[in-house]
Amino acid sequence: MDNFRALVADGNETEKPKLAIRNLTAADLPEGEVTVQVAYSSVNYKDGLVGILGRMVQSYPHIPGIDLSGTVTESSDPRYKPGDQVIVTSYGLGVTHDGGYSELARVPASWVVPLPEGLTLREAMILGTAGFTAALSVQRLEDNGLAPEKGPVVVAGASGGVGSVAVNILAKRGYEVTASTGRMNEEAYLKELGAARVIHRDELTETERKPIRRPLWAAAVDPVGGKTLSYLLSTLQYGGSVATSGLTGGIEVETSVYPFILRGVNWLGIDSVECPMELRRKVWERLSTDLKPTMLSTAIVNEISLEQLPGELARILQGQVRGRTIVKLG
366 MDNFRALVAD GNETEKPKLA IRNLTAADLP EGEVTVQVAY SSVNYKDGLV GILGRMVQSY
426 PHIPGIDLSG TVTESSDPRY KPGDQVIVTS YGLGVTHDGG YSELARVPAS WVVPLPEGLT
486 LREAMILGTA GFTAALSVQR LEDNGLAPEK GPVVVAGASG GVGSVAVNIL AKRGYEVTAS
546 TGRMNEEAYL KELGAARVIH RDELTETERK PIRRPLWAAA VDPVGGKTLS YLLSTLQYGG
606 SVATSGLTGG IEVETSVYPF ILRGVNWLGI DSVECPMELR RKVWERLSTD LKPTMLSTAI
666 VNEISLEQLP GELARILQGQ VRGRTIVKLG
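To convert a position in the sequence shown, counted from 1, into the working numbering, add 365.
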């Protein structure tokens with residue numbers, strides 16, 4: 366494939382980028398050892414920041430898309446050969462390096478994960494960075510002692526990508542899940558994913574500046590941050606953990622030492638961008654086996670075309686996207 370289409374952002378330091386579908390050639394691709402014919406990409410909050418607001422972009426023109434799955438067409442790295450099915454997420458993809466909103470992509474071999482048995486290319490992008498982050502959160506929580514018999518688990522931002530997948534994974538593993546959302550009209554959807562209880566996000570928002578409260582949760586999955594995280598830290602049970610992966614609720618967290626020295630709680634940072642490859646492959650393997658969500662072909666998924674992408678990127682920044690949106694390219 367010498368000629369291909371891609372969604373390209375063009376702009377400068379003073380203006381928000383303009384998005385347009387362009388016809389490109391292989392000569393337009395960045396450097397890298399592995400060239401991939403892209404089958405699917407996905408829509409994440411970070412993609413909206415890059416494509417709509419121009420955040421983090423170092424130079425233009427630029428192809429957004431922090432996820433992709435597809436088939437290798439060329440490789441100068443002996444670990445990969447034409448015909449191999451692969452996943453690429455995180456690192457600089459779609460931010461400092463042209464990303465997945467393209468029918469053809471070229472990436473460093475060190476970013477490539479072989480598609481595990483048990484996952485299709487489509488399923489891999491239904492998961493994408495959001496699903497990987499949710500699974501990494503569960504992995505870290507269980508590494509720190511979480512088990513179903515320890516008590517209920519709360520998921521903040523449960524209608525979003527990370528939250529939806531986390532609710533489904535945890536429910537499948539036998540946890541009693543409370544889902545928090547700002548959109549109570551999604552209650553039926555969240556219960557379909559496995560939530561035992563759905564609450565409004567205001568119930569998890571710090572308003573009284575209390576450093577510690579009645580213990581409620583054995584653990585929490587937190588893609589929100591801000592005042593939600595402040596509240597969660599104050600309500601964890603003894604030895605409980607919160608896995609934090611996002612900042613849609615803000616970057617400032619007001620807390621005290623009390624949850625840590627009186628209840629021994631764990632605040633776990635979840636970084637999907639620079640996650641070591643050994644752990645990254647382990648989590649992807651688990652996403653194809655025991656952590657594989659049960660809802661990969663139903664309510665959690667919305668599939669769109671390249672032409673529909675700009676509108677969807679704007680919607681995700683406005684908090685109007687539920688579950689996972691994938692982009693069909695191949």
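Where is the CB? At the ideal position from N, CA and C, for every residue including glycine.
Delimiting residues of the beta strand (DSSP E) encompassing residue i
i    : result
I452 : Q450 to T454
K592 : It is not in any beta strand (DSSP E) - K592 instead sits in the alpha helix (DSSP H) that spans G591 to T600.
G559 : Segment: none, G559 is in no beta strand (DSSP E) and carries neither H nor E.
K693 : R689 to K693
P481 : First-last for P481: undefined, no H or E at that position.
V686 : No beta strand (DSSP E) holds V686; DSSP gives it neither H nor E.
V520 : V518 to V520
Identity of the residue in the options nearest residue i by Cα
i    : options                   : result
K693 : R387, S441 and G465       : G465
I386 : D393, A374, E396 and E378 : A374
L610 : T690, V520 and L558       : Reading the sequence as shown, one finds Ser at residue 610 and not Leu. It is V520.
E552 : T379, R687 and P395       : R687
P576 : L555, R566, S599 and V586 : S599
I428 : T461, Y456 and E439       : T461
D508 : A584, K592 and D367       : A584
T572 : Y554, P588 and L597       : L597
S434 : Q423, G448 and M421       : G448
A560 : W582, K592, A523 and Y445 : A523
A679 : P382, F369 and T543       : P382
Bridge partners - residue i, DSSP secondary structure assignment
i    : result
K383 : D375
V618 : The partner list for V618 (beta bridge, DSSP) is empty, contrary to what the question assumes.
V638 : Note: V638 sits in no beta bridge, so no partner.
D432 : T454
I607 : Correcting the residue type first, residue 607 is Val in the shown sequence and not Ile. Paired residues: A585 and W632.
N368 : T390
V399 : S440 and V472
Three-way DSSP call (helix, strand, coil) for residue i in this model
i    : result
A499 : helix
K446 : coil
L612 : coil
A584 : strand
I577 : coil
T543 : strand
Y668 : First, the amino acid is wrong: residue 668 is Glu here, not Tyr. It is a strand residue.
R733 : A query on residue 733 cannot be resolved here, the shown segment of the chain reaching from 366 to 695 and no further.
A392 : helix
R566 : helix
L633 : strand
T494 : helix
R420 : coil
A404 : strand
N550 : helix
E439 : strand
Residue interval of the alpha helix (DSSP H) (run including residue i)
i    : result
Y702 : Lying outside 366 to 695, the shown extent of the chain, residue 702 is not represented and no answer is given.
R680 : L674 to L682
I626 : Y623 to L627
G526 : G526 to K537
Whole-Å CB distance - residue i paired with residue j, under 8 angstroms assumed
i    : j    : result
G459 : D412 : 7 angstroms
A500 : L652 : 5 angstroms
G526 : R471 : Actually they are not in contact, since the Cβ atoms of G526 and R471 sit about 26 angstroms apart, beyond 8 angstroms.
L601 : V630 : 5 angstroms
V401 : V453 : 7 angstroms
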